[in-house]
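For reference, the structure is listed below as C-alpha coordinates.
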(Lines of atoms letter the chains of each structure in order from A and count residues from 1; the text may use other names and numbers.)
(Lines give C-alpha, C1' and ligand atoms only; values in the text may rest on other atoms or scores of the structure.)
Protein backbone atom coordinates (compact mmCIF):
# COMPACT_ATOMS: atom_id res chain seq x y z
CA UNK A 1 0.00 0.00 0.00
CA UNK A 2 1.40 3.39 -1.01
CA UNK A 3 0.70 6.56 0.92
CA UNK A 4 0.60 10.11 -0.39
CA UNK A 5 3.15 12.63 0.84
CA UNK A 6 0.57 13.74 3.40
CA UNK A 7 -0.05 10.10 4.39
CA UNK A 8 3.66 9.47 4.92
CA UNK A 9 3.94 12.61 7.03
CA UNK A 10 0.93 11.57 9.10
CA UNK A 11 2.25 8.04 9.63
CA UNK A 12 5.76 8.89 10.80
CA UNK A 13 6.72 9.47 14.42
CA UNK A 14 6.50 12.98 15.78
CA UNK A 15 7.37 14.62 19.06
CA UNK A 16 3.76 15.40 19.98
CA UNK A 17 2.65 11.85 19.13
CA UNK A 18 5.30 10.34 21.40
CA UNK A 19 4.43 12.80 24.18
CA UNK A 20 0.71 12.00 24.04
CA UNK A 21 1.44 8.28 23.75
CA UNK A 22 3.53 8.46 26.94
CA UNK A 23 0.79 10.36 28.80
CA UNK A 24 -1.92 7.95 27.69
CA UNK A 25 0.05 4.81 28.51
CA UNK A 26 1.09 6.14 31.91
CA UNK A 27 -2.52 6.67 32.96
CA UNK A 28 -3.85 3.44 31.48
CA UNK A 29 -1.53 1.24 33.55
CA UNK A 30 -2.12 -0.06 37.07
CA UNK A 31 0.82 1.74 38.65
CA UNK A 32 0.04 4.67 40.92
CA UNK A 33 1.56 7.33 38.70
CA UNK A 34 2.22 10.92 39.73
CA UNK A 35 1.63 13.02 36.61
CA UNK A 36 3.95 15.98 37.14
CA UNK A 37 4.27 17.06 33.51
CA UNK A 38 2.79 20.33 32.34
CA UNK A 39 1.01 18.79 29.38
CA UNK A 40 -1.50 16.55 31.11
CA UNK A 41 -4.94 17.69 32.31
CA UNK A 42 -5.23 18.30 36.03
CA UNK A 43 -7.68 16.43 38.25
CA UNK A 44 -8.93 19.28 40.43
CA UNK A 45 -11.55 17.98 42.91
CA UNK A 46 -13.52 21.25 43.07
CA UNK A 47 -13.64 21.53 39.28
CA UNK A 48 -14.57 17.87 38.85
CA UNK A 49 -17.38 18.24 41.39
CA UNK A 50 -18.76 21.27 39.56
CA UNK A 51 -18.65 19.43 36.23
CA UNK A 52 -20.27 16.39 37.86
CA UNK A 53 -23.17 18.50 39.11
CA UNK A 54 -23.60 20.17 35.73
CA UNK A 55 -23.64 16.74 34.06
CA UNK A 56 -26.30 15.53 36.51
CA UNK A 57 -28.36 18.62 35.76
CA UNK A 58 -28.16 17.96 32.03
CA UNK A 59 -29.12 14.32 32.48
CA UNK A 60 -32.21 15.33 34.47
CA UNK A 61 -33.55 17.52 31.67
CA UNK A 62 -34.79 15.74 28.57
CA UNK A 63 -34.13 18.68 26.25
CA UNK A 64 -30.60 19.34 27.50
CA UNK A 65 -29.53 15.71 27.30
CA UNK A 66 -31.25 15.30 23.95
CA UNK A 67 -29.37 18.24 22.46
CA UNK A 68 -26.02 16.83 23.57
CA UNK A 69 -26.46 13.34 22.15
CA UNK A 70 -28.72 14.05 19.20
CA UNK A 71 -28.09 17.49 17.70
CA UNK A 72 -25.36 18.81 15.44
CA UNK A 73 -23.69 22.06 16.36
CA UNK A 74 -22.77 24.51 13.62
CA UNK A 75 -19.28 24.23 12.05
CA UNK A 76 -18.34 27.24 14.19
CA UNK A 77 -19.31 25.42 17.41
CA UNK A 78 -22.09 25.57 19.97
CA UNK A 79 -23.85 28.90 19.47
CA UNK A 80 -24.96 29.34 23.09
CA UNK A 81 -21.45 28.74 24.42
CA UNK A 82 -19.91 31.06 21.82
CA UNK A 83 -22.36 33.87 22.66
CA UNK A 84 -21.69 33.47 26.40
CA UNK A 85 -17.93 33.54 25.81
CA UNK A 86 -18.12 36.70 23.69
CA UNK A 87 -20.28 38.36 26.35
CA UNK A 88 -17.78 37.41 29.08
CA UNK A 89 -14.85 38.92 27.19
CA UNK A 90 -16.75 42.13 26.41
CA UNK A 91 -17.75 42.64 30.04
CA UNK A 92 -14.50 41.57 31.69
CA UNK A 93 -11.90 42.98 29.29
CA UNK A 94 -13.76 45.54 27.19
CA UNK A 95 -12.85 43.72 23.99
CA UNK A 96 -14.91 44.63 20.91
CA UNK A 97 -15.64 40.99 20.24
CA UNK A 98 -18.76 39.17 19.09
CA UNK A 99 -19.77 35.59 18.29
CA UNK A 100 -18.51 36.11 14.73
CA UNK A 101 -14.96 36.36 16.13
CA UNK A 102 -15.00 32.98 17.91
CA UNK A 103 -14.68 29.41 16.63
CA UNK A 104 -14.46 26.12 18.55
CA UNK A 105 -12.23 23.21 17.52
CA UNK A 106 -11.62 19.68 18.79
CA UNK A 107 -8.45 20.50 20.68
CA UNK A 108 -5.52 22.83 20.11
CA UNK A 109 -3.67 20.54 17.68
CA UNK A 110 -6.65 20.73 15.34
CA UNK A 111 -6.79 24.51 15.57
CA UNK A 112 -3.08 24.95 14.86
CA UNK A 113 -3.18 22.52 11.94
CA UNK A 114 -5.95 24.64 10.40
CA UNK A 115 -4.45 28.04 11.23
CA UNK A 116 -0.89 27.29 10.17
CA UNK A 117 -1.92 25.81 6.84
CA UNK A 118 -4.30 28.71 6.14
CA UNK A 119 -1.52 31.28 6.46
CA UNK A 120 1.55 29.30 5.35
CA UNK A 121 2.50 26.76 2.71
CA UNK A 122 2.04 26.96 -1.05
CA UNK A 123 -0.24 29.67 -2.44
CA UNK A 124 -2.19 29.80 -5.69
CA UNK A 125 0.25 32.29 -7.24
CA UNK A 126 3.14 29.88 -6.68
CA UNK A 127 4.77 31.56 -3.69
CA UNK A 128 5.48 29.74 -0.43
CA UNK A 129 5.04 31.32 2.99
CA UNK A 130 6.19 30.28 6.45
CA UNK A 131 5.11 30.67 10.06
CA UNK A 132 7.46 32.82 12.12
CA UNK A 133 8.26 31.67 15.65
CA UNK A 134 9.95 34.77 17.13
CA UNK A 135 11.01 32.98 20.31
CA UNK A 136 12.64 29.55 20.51
CA UNK A 137 12.60 26.95 21.99
CA UNK A 138 8.88 26.58 21.27
CA UNK A 139 6.08 24.06 21.73
CA UNK A 140 6.93 20.66 20.23
CA UNK A 141 3.35 20.26 19.01
CA UNK A 142 3.89 22.85 16.26
CA UNK A 143 6.68 20.90 14.58
CA UNK A 144 4.62 18.51 12.47
CA UNK A 145 1.44 20.40 11.62
CA UNK A 146 2.73 22.04 8.45
CA UNK A 147 1.93 20.37 5.12
CA UNK A 148 5.04 21.67 3.36
CA UNK A 149 8.75 21.47 4.13
CA UNK A 150 10.76 24.38 5.58
CA UNK A 151 7.56 25.52 7.25
CA UNK A 152 8.94 27.69 10.06
CA UNK A 153 11.20 30.70 10.40
CA UNK A 154 12.76 31.02 13.85
CA UNK A 155 14.82 33.48 15.83
CA UNK A 156 17.32 32.98 18.64
CA UNK A 157 16.27 34.45 21.99
CA UNK A 158 17.94 37.01 24.18
CA UNK A 159 19.02 35.34 27.45
CA UNK A 160 18.71 37.21 30.75
CA UNK A 161 20.65 35.62 33.62
CA UNK A 162 18.74 36.10 36.87
CA UNK A 163 20.74 33.87 39.24
CA UNK A 164 23.29 31.08 39.17
CA UNK A 165 20.66 28.56 38.08
CA UNK A 166 17.86 30.80 36.82
CA UNK A 167 17.43 32.62 33.53
CA UNK A 168 14.66 34.12 31.45
CA UNK A 169 14.65 34.31 27.70
CA UNK A 170 13.14 37.17 25.72
CA UNK A 171 12.36 37.95 22.10
CA UNK A 172 15.39 39.57 20.46
CA UNK A 173 13.57 42.26 18.50
CA UNK A 174 16.81 43.68 17.09
CA UNK A 175 17.53 40.46 15.20
CA UNK A 176 13.89 39.66 14.37
CA UNK A 177 13.50 39.97 10.61
CA UNK A 178 10.00 39.70 9.15
CA UNK A 179 10.53 38.92 5.47
CA UNK A 180 8.01 38.75 2.63
CA UNK A 181 7.73 34.96 2.92
CA UNK A 182 6.18 35.17 6.41
CA UNK A 183 2.46 34.39 6.49
CA UNK A 184 1.81 34.70 10.23
CA UNK A 185 3.61 35.14 13.56
CA UNK A 186 2.98 32.66 16.37
CA UNK A 187 3.99 32.56 20.04
CA UNK A 188 2.86 30.51 23.00
CA UNK A 189 2.25 32.33 26.28
CA UNK A 190 3.32 30.65 28.53
CA UNK A 191 5.89 28.95 26.36
CA UNK A 192 5.82 25.17 26.47
CA UNK A 193 7.87 23.43 27.90
CA UNK A 194 9.79 26.11 29.81
CA UNK A 195 6.85 28.02 31.31
CA UNK A 196 8.37 31.31 30.12
CA UNK A 197 5.70 34.03 29.93
CA UNK A 198 6.11 36.85 27.43
CA UNK A 199 5.93 40.23 29.14
CA UNK A 200 3.14 42.68 28.29
CA UNK A 201 5.74 44.89 26.59
CA UNK A 202 6.92 42.02 24.38
CA UNK A 203 3.34 41.27 23.38
CA UNK A 204 2.73 44.96 22.56
CA UNK A 205 5.83 45.01 20.36
CA UNK A 206 4.74 41.82 18.60
CA UNK A 207 1.27 43.27 18.01
CA UNK A 208 2.80 46.40 16.48
CA UNK A 209 5.16 44.32 14.33
CA UNK A 210 2.34 42.12 13.06
CA UNK A 211 0.15 45.15 12.33
CA UNK A 212 3.01 46.89 10.49
CA UNK A 213 3.41 43.91 8.15
CA UNK A 214 -0.35 43.20 7.88
CA UNK A 215 0.12 39.76 9.43
CA UNK A 216 -1.99 37.82 11.92
CA UNK A 217 -0.42 37.32 15.35
CA UNK A 218 -1.37 33.90 16.72
CA UNK A 219 -1.08 33.74 20.52
CA UNK A 220 -1.29 30.24 21.96
CA UNK A 221 -2.74 30.89 25.40
CA UNK A 222 -1.93 27.32 26.54
CA UNK A 223 -2.52 27.35 30.31
CA UNK A 224 -2.21 31.13 30.61
CA UNK A 225 -4.52 34.08 31.09
CA UNK A 226 -7.48 34.73 31.08
CA UNK A 227 -8.11 31.04 31.73
CA UNK A 228 -7.10 28.59 33.04
CA UNK A 229 -4.54 31.12 34.38
CA UNK A 230 -2.09 28.56 35.74
CA UNK A 231 0.79 31.03 35.73
CA UNK A 232 2.58 32.82 38.54
CA UNK A 233 3.54 36.17 37.02
CA UNK A 234 1.52 39.21 36.02
CA UNK A 235 0.29 39.02 32.43
CA UNK A 236 -2.48 40.92 30.66
CA UNK A 237 -4.67 38.98 28.21
CA UNK A 238 -4.57 40.50 24.72
CA UNK A 239 -6.95 40.40 21.79
CA UNK A 240 -7.32 42.66 18.76
CA UNK A 241 -8.65 42.41 15.22
CA UNK A 242 -5.30 41.11 13.92
CA UNK A 243 -4.72 38.80 16.93
CA UNK A 244 -5.87 35.17 16.92
CA UNK A 245 -6.01 34.12 20.58
CA UNK A 246 -6.13 30.34 21.03
CA UNK A 247 -7.45 29.09 24.37
CA UNK A 248 -7.80 25.62 25.85
CA UNK A 249 -9.74 24.14 28.76
CA UNK A 250 -7.75 20.91 28.81
CA UNK A 251 -5.56 21.89 31.76
CA UNK A 252 -8.71 22.30 33.88
CA UNK A 253 -9.63 18.68 33.25
CA UNK A 254 -11.46 18.91 29.92
CA UNK A 255 -9.12 17.22 27.42
CA UNK A 256 -9.63 18.27 23.79
CA UNK A 257 -11.69 21.33 24.80
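Numbering (this note's numbering), first residue to last: 69 to 325. Yeah, the Cβ is synthetic: ideal placement off N, Cα and C, and Gly gets one too. Here the structure is a predicted model, which means the values were calculated and not measured.
Short of 7 Å from the beta carbon of residue 188, and not among the five residues preceding or following it, lie these beta carbons of its own chain, in chain order: 197, 198, 199, 214, 219, 251, 252.
Contact between the stretch 267-275 and the stretch 177-193 is absent: fewer than three C-beta pairs spanning the two stretches fall below 8 Å.
Residue pairing by DSSP places residue 254 opposite 286 in a beta bridge. Look at the stretch 165-244 and you find these whole runs of beta strand (DSSP E), each 3 residues long or longer: 196-201, 220-222, 226-229, 235-238.
Close CB contacts of residue 211 within its chain, under the 6 Å cut and outside five residues either way in sequence, are with 83 (chain order). Residue 69 and residue 81 have their C-alpha atoms spaced approximately 19 Å apart.
Beta-bridge analysis with DSSP links residue 314 to 288. Residue 145 is bridged by DSSP to 142. Proximity of the stretch 253-262 to the stretch 152-159 falls short of the contact definition, fewer than three beta-carbon pairs being nearer than 8 Å. Here the alpha carbon of residue 229 sits roughly 42 Å from the alpha carbon of residue 98.
For residue 73, the enclosing alpha helix (DSSP H) starts and ends at 73-79.
Within the model, the alpha-carbon separation for residue 303 versus residue 267 is close to 7 Å.
Under the three-pair Cβ rule at 8 Å, the stretch 159-166 counts as touching the stretch 294-311. Residue 207 sits away from residue 174, with the two beta carbons spaced by 8 Å or more. Residue 115 sits in a helix when the DSSP states are folded into three classes. With fewer than 16 other Cβ atoms inside 10 Å of its own Cβ, residue 194 counts as exposed. Looking at the backbone, the Cα of residue 295 and that of residue 114 are separated by about 16 Å.
For residue 84, the enclosing alpha helix (DSSP H) has its first and last residue at 83-96. When the Cα atoms are used, residue 147 and residue 168 turn out to be separated by approximately 10 Å. Secondary structure of residue 70 (DSSP, three-state): coil. In this structure, the alpha-carbon of residue 263 lies about 42 Å from that of residue 131.
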